[in-house]
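Protein chains in written order, with the numbering used here: chain A, -9 to 435; chain B, 11 to 139.
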């Protein structure tokens, strides 16, 4: 092939790439394995996940996935990772994405949804860049994050958008309630280009989204919501926050029918108000009619995208998480509005029950007073790490240790119980925690 | 090919300029440009008061098959934009030299090269060959 295109060698073909940008070795990447070896390795890894009770949320949540979801999603007609090339030849795929977009606009209360992004964290970076393009009146590149924005999202957004001059700053947390301190935001300085509000917050608490949204809009900032789609079945939709509503919503779509799978693949949700749709990244499917007047589906508003706008495209994303979105669409169809609402309410109830049980113990208290969704921060009277190790020895993943990312919160542990946890599971957790706290190895200092 | 209005000057980027009596300059895209783009679906306009440099990006015209930048043919300040294009971008297709105007500038900087109607006519004939 090199001969056919007139290149003498692979190196000559890639001659345009500056020498110092070439990667010679990848540190930490092991040698290749045979198919047999890799199958054995992956089976061993998968076995490690079996038989544990998982109480970790922190952005990815274990929910019951009806068997039909992946049975249908993996049918040959659907089984593809991306939006197809020659997309209009795959009308069924486009219709599925169109139905998905309709469901997401209905959950977020916004006008338009795209066909999805890679995941929630990169979705925030895309949303911030979009806000800068859409908010031309603001000369600022400053993005303010409510105190409960996932620290990982902030890191990812900084990595992707930081090189384009955007800065990300976190607003102060009210240590008693666990939500953004509205008394302190008045001193936030130069008006930002966008304000990001995660609801429910990373700590599971419910932010005062109406007040924060109105405050941001008064300063000429756009409002970016980070939403957990499960919560949207019971909480106010971002499009209805405050007087004018959030302008953009993004978030992790994994809770809608995608298994935890050790961290991926997941998918990113993104929706916005119609007036800024031309600044939205990603693919968008529209409904139209063909020359004979027959209804059909087509990719639309493509002049935003790379294959047309080249370097001035809204983003370098030129596909979607097609398979995950297919699963999510089937998942939402099977659950329906009432089913999703029951999942949300049951999760809230189980988490509240667990928090009530464990905080009755000596040495354990709930850290924050604000209302919670399906996740809660516990504060222990001793370091969290050793306690979690003892729980893990009983096959219980007891939550996420917040000590590294949030040392100011003390011995803080983020715990989540979704509808997958029965009352007996909660009792197992409480009993295992009791045992751990009585263990002489982890006595409080 | 429709006739080129004689009171306008033209650029190689297929924009036209009209000198207004108050010293400002009205700018649009030529009939040749709108034909090449096809039916326009969206026009991104600059903010009034925005400063533009000669040759800088000033607006974007988007059709069903392409999106193109409109470059400022002269440096200056945007004094007026054709807001009607927001709801009716096809006005550029229907009347490129009249109701389809895009931006009005108060010039203050360098001007780029422009052509009279005959020279522009010859320029686009040469492109077609």
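For glycine and all other residues, C-beta sits at the position ideal for the given N, C-alpha and C.
For this session: Ignore the nearest five residues each way along the sequence and tell me which others in residue 67/B's own chain have a CB closer than 7 angstroms to its CB.
Result: 79 and 81
Problem set entry | With 16 other Cβ atoms within 10 Å as the buried cut-off, status of residue 77/B | buried
For this session: At 4 residues or longer, and completely inside the stretch 332 to 393 of chain A: list those alpha helix (DSSP H) runs for me, N to C.
Result: 374 to 383
Problem set entry | Beta carbon proximity, residue 268/A to chain B, threshold 8 angstroms | yes
Problem set entry | Proximity to residue 35/B [Cα-Cα], best of 49/B, 17/B and 47/B | 17/B
Problem set entry | Where the stretch 283 to 295 of chain A meets chain B: residues whose CB sits under 7 angstroms from a CB there | 293
For this session: Take every Cβ of the stretch 236 to 244 of chain A, pair it with every Cβ of the stretch 208 to 223 of chain A, and state whether three or more of those distances are shorter than 8 angstroms.
Result: yes
Exercise. If you run the structure through DSSP and keep just helix, strand and coil, what is residue 79/B?
Worked result: strand
For this session: Just list the beta strand (DSSP E) runs in the stretch 257 to 286 of chain A, keeping only unbroken ones of 3 residues or longer that don't cross its boundaries, in chain order.
Result: 258 to 262 and 275 to 279
For this session: Go through its chain and collect everything with a Cβ distance to residue 42/B's Cβ below 7 angstroms, but skip five positions before and after it.
Result: 24 and 134
For this session: Closer than 7 angstroms by beta-carbon distance: list the chain B residues that pair up with residue 298/A, in chain order.
Result: 76 and 77
For this session: To the nearest angstrom, report how far apart residue 131/B and residue 87/B are at their CA atoms.
Result: 29 angstroms
For this session: Inspect the beta-carbon positions of residue 277/A and residue 75/A and report whether they are closer than 8 angstroms.
Result: no
Problem set entry | Close Cβ partners of residue 118/A (< 8 angstroms) along its chain, the five nearest in sequence each way excluded | 133, 147, 151, 156, 158, 184, 186 and 214
Exercise. Considering only C-alpha positions, which residue in the set 195/A, 111/A, 307/A and 142/A is nearest to residue 170/A?
Worked result: 195/A
Exercise. Does the stretch 387 to 396 of chain A touch the stretch 363 to 379 of chain A, meaning 3 or more C-beta pairs lie closer than 8 angstroms?
Worked result: yes
Exercise. In three-state DSSP terms, what is residue 101/B?
Worked result: helix
Exercise. Does any C-beta atom of chain C lie closer than 8 angstroms to the C-beta of residue 30/B?
Worked result: Structure shown: chain C not included; protein chains present are A and B.
For this session: Below 6 angstroms CB to CB, which residues in the same chain sit around residue 206/A once its five sequence neighbours on both sides are set aside?
Result: 185 and 213
Exercise. To which residues does DSSP link residue 4/A through a beta bridge?
Worked result: DSSP lists no partner for residue 4/A.
For this session: Hey, could you find the ends of the alpha helix (DSSP H) residue 199/A is sitting in?
Result: 199 to 208
For this session: Using a Cβ cut-off of 7 angstroms, pull out every chain B residue sitting near residue 126/A, in sequence order please.
Result: 57
Exercise. Which same chain residues, not among the five before or five after residue 395/A, have their C-beta less than 7 angstroms away from its C-beta?
Worked result: 141
Problem set entry | Cβ contact (3+ pairs, closer than 8 angstroms) linking the stretch 44 to 58 of chain A and the stretch 398 to 412 of chain A | yes
Exercise. Roughly how many angstroms lie between the CA atoms of residue 128/B and residue 20/B, to the nearest whole one?
Worked result: 10 angstroms
Exercise. For residue 233/A, which residues from the same chain have a beta carbon less than 6 angstroms from its beta carbon, with the 5 sequence-adjacent residues on both sides left out?
Worked result: 204
Exercise. So, residue 220/A versus residue 333/A, is the Cβ gap smaller than 8 angstroms?
Worked result: yes
Exercise. Would residue 118/B be called buried (16 or more neighbouring beta carbons within 10 Å of its own) or exposed?
Worked result: exposed
Exercise. Sorted by chain position, which residues of the same chain lie with C-beta nearer than 8 angstroms to residue 298/A's C-beta, five sequence neighbours on each side aside?
Worked result: 292
For this session: Ignore the nearest five residues each way along the sequence and tell me which others in residue 114/B's own chain have a CB closer than 6 angstroms to its CB.
Result: 34, 36, 89 and 90
Exercise. Between residue 315/A and residue 286/A, what straight-line distance do the alpha-carbon atoms span, to the nearest angstrom?
Worked result: 20 angstroms
Exercise. What does residue 52/B reach in chain A if we use C-beta pairs closer than 7 angstroms?
Worked result: 268
For this session: Could you list which residues in chain A have their beta carbon closer than 7 angstroms to that of residue 72/B, in chain order?
Result: 293
Exercise. Does the stretch 121 to 136 of chain A come close enough to the stretch 80 to 96 of chain A to have 3 or more Cβ pairs within less than 8 angstroms?
Worked result: no
For this session: For residue 117/B, name the three-state secondary structure that DSSP assigns.
Result: strand
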